[in-house]
Structures are given as structure tokens and as C-alpha cells.
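Protein sequences appear in the order of chains A and L. Just so you know, we're using this note's numbering here: the first sequence kicks off at 22 and counts up by one. Just so you know, we're using this note's numbering here: the second sequence kicks off at 18 and counts up by one. Beta carbons: idealized from backbone N, C-alpha and C, even for Gly. Every value quoted in this text rests on a predicted model; they were computed, and no experiment measured them.
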Amino acid sequence: MVSSESHDRIESFNALVLRHKAMIWHICSDYNVGKAWKTEDCIQEVLISLWRSYGTFEERSSEKTWVWRVATNTMLMLKRKEDRSPQTESIEAVDVDEKDDELGHEKYKQLQQLINTLPEESSTIIRAFLDGFSYKEIAEMTNSTVGAVAMRIVRLKRKLRLMYERENNS
Amino acid sequence: MTMENNINTLNASTQRDDFKNQWECRRQWEEQAEKLAPDDKTFLHWAEKAQQDPAGLETNVIPFRRTKRWIPYAAASIVIGMAAIGLARQGQPENELPVAVEVTVENQTIHFICNNDCSAQDIILSAKKVIK
Chain A
22 MVSSESHDRI
32 ESFNALVLRH
42 KAMIWHICSD
52 YNVGKAWKTE
62 DCIQEVLISL
72 WRSYGTFEER
82 SSEKTWVWRV
92 ATNTMLMLKR
102 KEDRSPQTES
112 IEAVDVDEKD
122 DELGHEKYKQ
132 LQQLINTLPE
142 ESSTIIRAFL
152 DGFSYKEIAE
162 MTNSTVGAVA
172 MRIVRLKRKL
182 RLMYERENNS
Chain L
18 MTMENNINTL
28 NASTQRDDFK
38 NQWECRRQWE
48 EQAEKLAPDD
58 KTFLHWAEKA
68 QQDPAGLETN
78 VIPFRRTKRW
88 IPYAAASIVI
98 GMAAIGLARQ
108 GQPENELPVA
118 VEVTVENQTI
128 HFICNNDCSA
138 QDIILSAKKV
148 IK
């Protein structure tokens, strides 16, 4: 039997998931450009991670920041694991999500793929910036200083633009 | 300036614009994500499954995750041979518990337990046994 306390906890977790579902989808999708099926698997892994660490959320950071961090860390862990494992394919092949393309995800696909090639820390910083977190929040997330974050973002943007131009020239 | 230089300048300028466009599109992800993310019902279903995870507070329930893939093509051909769309998972080495697997065959969904380190082949073989 589920106690009232447990029931409240479950309800509150479900509400949190719905409040941040777009962001969770977006983070998982960015790490799996063009692979809608894989995004779904990753979302489920992220929800498991969120549930596991739900008790440790102390509201020292904002809820959004906490969800972002848990989701990003889960994705990094999955990516590391995938890099170590032999490559496998979906039984439904690599399904290009038509809905995805219609709505314009295609527009930043190349940029996203380039971000995925950056070292972990750099890609995390640039994603956080693009997701609208302030320099201060990013500094807290990465145990850095506001000045250092600002400088890295300028450099990373420049680097990405050069990578983009180089790729399109070749 | 030569024709070639003109073309190069034009290309560089177009690429800068393309990059800027992608950058701006990426910054405006929220509206798009709202449209593309699975619906509330799907998310709540996944949240419910996540709460059955043994590392969560609730439970001794064997984890059940609706996870579709990681099946190599060799195994996929067996699934297709069975006229099946498989929903299965390959075990995760770091997960020390057995995993529950769901396979849907001709609209019939079956569940069974696999060892944490089972391969896709094991999953398919187990599914075959259950179906027979």
C-alpha cells in the first residue's frame, strides 16, 4: 500500500517531470541528432536518474538548473558508455523524424553535431549558454568563475564558427 | 578583386549568415521543444516506470523499462522473421539486477526477465520460448 507521504512524493515528482518535459526532451534530442527513437530511450534514462536523485534536491539551486544538470550528466554518462560499446543499430533502422524536420530542428542540426564533437566540458558550457542560463549559473554548474565562463563562451563560439566554415568549405 | 576572390568572399559571408541562423534557432529551442516533445501521458507513463526503479525509494519491484533497442541487425532479422516488432533491451553491465523485457509480437505483448548481461540474441530466444 502506498502511504500518503509516498503518494505526495510521486505526485510532486510527476508534476516536476511535466514542468520540465520540453527541456528534458530538448537535452536528449540534442545528444541524438536525427535519432528520435534513441531520444526516447534517453528520456527514460533521464527520468530514472531524476527519480533516483529526487531526494537530494535541496533547492539550493533552482529546480530548472537541477533538472538540467541531472539530465546533462545522464546524457554524458550514456555517451561515454556508448563510446565504449560496439555500435548497434535500431531494428527500425535510423528513422529520420519527419515531424522533427518540418518544425525546423533541421535548422540547427549541423551546429548541434559540431557541439557534440567538442570535449565534454566545452560542450556542456556552450549548451548551458544556448539554453539560456546566465554566466553566474553556468559558473556554479561548472565550479568556475563568471569571468572564466564568459571568456570560454566567446572562444567556443568563435571555434564553432570556424569549424562550421571549415566543414562547409571541404 | 578577382572573380575568384569575390566568390570566396560571398561564400564566407553566406557561411557566417548560416552559422548565425543556426545559432539563433538553437537559442530559441523552447517553443520548438514544446511542439516536438512527447505528450504528457507518455511522460507520465515513463515517470511511473522510473519510480519502479529499485534504487528509488519505493520498492523491491524489478525494474521495467520500456526500452526499445540496442539490438544489432543480426538479431533484428530474427525478430523480423518472426513478424515482430521488437521492444527489447540488451542488459547493461553496470546494472546488477535482472531486467524486465517487453516484446511485442503480432500485437501480443509479452514480458519476461533476463539477466542483466543478456545479449539481444538471448532476448530473442527467450521471446521465442515464451511465444511457443
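With distance defined between alpha-carbon atoms, name the residue in the options nearest to residue i.
i, options, result
"residue 145 (chain A)", "A:96, A:40, A:180", "A:96"
"residue 58 (chain L)", "A:30, A:36, A:44, A:76", "A:36"
"residue 89 (chain A)", "A:104, A:169, A:70, A:102", "A:70"
"residue 168 (chain A)", "A:92, A:157, A:53", "A:157"
"residue 59 (chain A)", "A:74, A:83, A:166, A:103", "A:103"
"residue 187 (chain A)", "A:164, A:77, A:173, A:131", "A:131"
"residue 83 (chain A)", "A:165, A:154, A:179", "A:154"
What residues from chain L crowd round residue i, counting only those whose CB sits closer than 9 Å?
i, result
"residue 47 (chain A)", "46, 47, 49, 50, 53, 54"
"residue 31 (chain A)", "64, 65, 68, 75"
What residues from chain L crowd round residue i, counting only those whose CB sits closer than 8 Å?
i, result
"residue 186 (chain A)", "29, 32, 33, 36"
"residue 167 (chain A)", "Within 8 Å Cβ-Cβ: nothing; residue 167 (chain A) doesn't reach chain L, min ~20 Å."
"residue 182 (chain A)", "33, 36"
"residue 131 (chain A)", "39"
"residue 43 (chain A)", "47, 50, 51, 54"
Given that residue i touches chain A, what residues does it touch there, using C-beta distances under 9 Å?
i, result
"residue 66 (chain L)", "65, 68, 69"
Give a yes or no on whether the C-beta atoms belonging to residue i and residue j are separated by under 7 Å.
i, j, result
"residue 44 (chain L)", "residue 151 (chain A)", "yes"
"residue 68 (chain A)", "residue 63 (chain L)", "yes"
"residue 2 (chain L)", "residue 72 (chain A)", "No answer is possible for residue 2 (chain L): the residues shown for chain L start at 18 and end at 149."
"residue 129 (chain A)", "residue 36 (chain L)", "no"
"residue 51 (chain L)", "residue 149 (chain A)", "no"
"residue 46 (chain L)", "residue 41 (chain A)", "no"
"residue 29 (chain A)", "residue 133 (chain A)", "no"
"residue 60 (chain L)", "residue 38 (chain A)", "yes"
"residue 49 (chain A)", "residue 31 (chain A)", "no"
"residue 170 (chain A)", "residue 160 (chain A)", "yes"
"residue 177 (chain A)", "residue 143 (chain A)", "yes"
Starting from residue i, find everything on chain L with Cβ-Cβ shorter than 7 Å and list it in chain order.
i, result
"residue 162 (chain A)", "Chain L residues near residue 162 (chain A): none, gap ~18 Å exceeds 7 Å."
To test your reading of the DSSP string, which unbroken beta strand (DSSP E) runs of 3 or more residues are found completely within the stretch 37-74 of chain L? none
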